[in-house]
Amino acid sequence: MATRYFSLVVLLLLGGCVTQPPRETIHDIKDVSQLRDWSAQGRIGITGVAQAGSGAFAWQQINSVSQVHLHGPLNTGSVYVLLDDTLHLTLGNGEHYDADAALDVLSAQLGTAIPVRQMSYWLRGVPAPGAYQWSSAGGRVLQQDGWHIEYGDTVDVNGLLLPKRITATRDAVRIRVVISQWQLQ
Numbered sequence: 228m229a230t231r232y233f234s235l236v237v238l239l240l241l242g243g244c245v246t247q248p249p250r251e252t253i254h255d256i257k258d259v260s261q262l263r264d265w266s267a268q269g270r271i272g273i274t275g276v277a278q279a280g281s282g283a284f285a286w287q288q289i290n291s292v293s294q295v296h297l298h299g300p301l302n303t304g305s306v307y308v309l310l311d312d313t314l315h316l317t318l319g320n321g322e323h324y325d326a327d328a329a330l331d332v333l334s335a336q337l338g339t340a341i342p343v344r345q346m347s348y349w350l351r352g353v354p355a356p357g358a359y360q361w362s363s364a365g366g367r368v369l370q371q372d373g374w375h376i377e378y379g380d381t382v383d384v385n386g387l388l389l390p391k392r393i394t395a396t397r398d399a400v401r402i403r404v405v406i407s408q409w410q411l412q
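In this note's numbering, the protein residues as written are 228 to 412.
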């Protein structure tokens with residue numbers, strides 16, 4: 228009788244273990260477009276219609292939330308961008324803006340409109356949602372939303388090839404990104 232109860236308890240415990248879904252690890256990801264949690268650091272240069280400059284950036288992506296810290300481009304000082312369902316912008320002096328006002332201030336600070344919503348995709352070397360076209364041999368040039376995105380060097384991070392150099396141009400605007408460090412969570 229005790230053996231039957233013991234067996235039942237063991238089966239229930241094992242059954243509980245079996246129902247737990249396995250956690251996805253970075254080693255389970257086979258395609259860069261599947262990355263949801265990552266960070267990148269490096270340098271950014273922006274040439275706008277009226278001005279140009281460069282600085283450092285740190286980008287952290289957690290699911291669909293982007294947190295970006297820019298320091299120095301176009302003499303802006305420090306700029307913190309939070310992009311969830313809405314764009315939030317905090318300047319180095321503490322001024323805070325949301326939604327369309329944040330986009331207007333960011334564009335004014337940087338001297339040009341920046342494709343903020345698409346950048347989390349383009350940094351990984353994948354198109355953002357919507358229409359796009361790959362061109363050139365090896366698919367190293369992406370055309371999307373009027374932007375021409377060229378991918379230069381890549382780096383192998385845990386078996387995934389990620390961009391190291393990116394140049395995005397649209398009309399007289401050019402954004403150059405050099406990623407010095409990738410981290411995949």
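Glycine included, each C-beta is placed from N, C-alpha and C at the ideal position.
Item: To the nearest whole angstrom, what separates the beta carbons of G357 and Q370, a pair I think is in contact under 8 Å?; Value: About 11 Å separates the two Cβ atoms, so there is no contact after all.
Item: Starting from S334 and walking both ways along the alpha helix (DSSP H), at which residues does that stretch end?; Value: A326 to L337
Item: In terms of residue numbering, what span does the beta strand (DSSP E) encompassing L350 cover?; Value: Counting along the chain, L350 falls outside any beta strand (DSSP E), though it belongs to the alpha helix (DSSP H) covering V343 to R351.
Item: When DSSP builds the beta bridges, which residues end up paired with P390?; Value: T381
Item: Let's see if you can read the secondary structure: which residues bound the beta strand (DSSP E) around G299?; Value: Neither: G299 is in no beta strand (DSSP E) and is coded neither H nor E.
Item: Should the region 263-271 be called in touch with the region 310-324, which here means at least 3 C-beta pairs below 8 Å?; Value: no
Item: Which of helix, strand or coil does DSSP assign to Q412?; Value: coil
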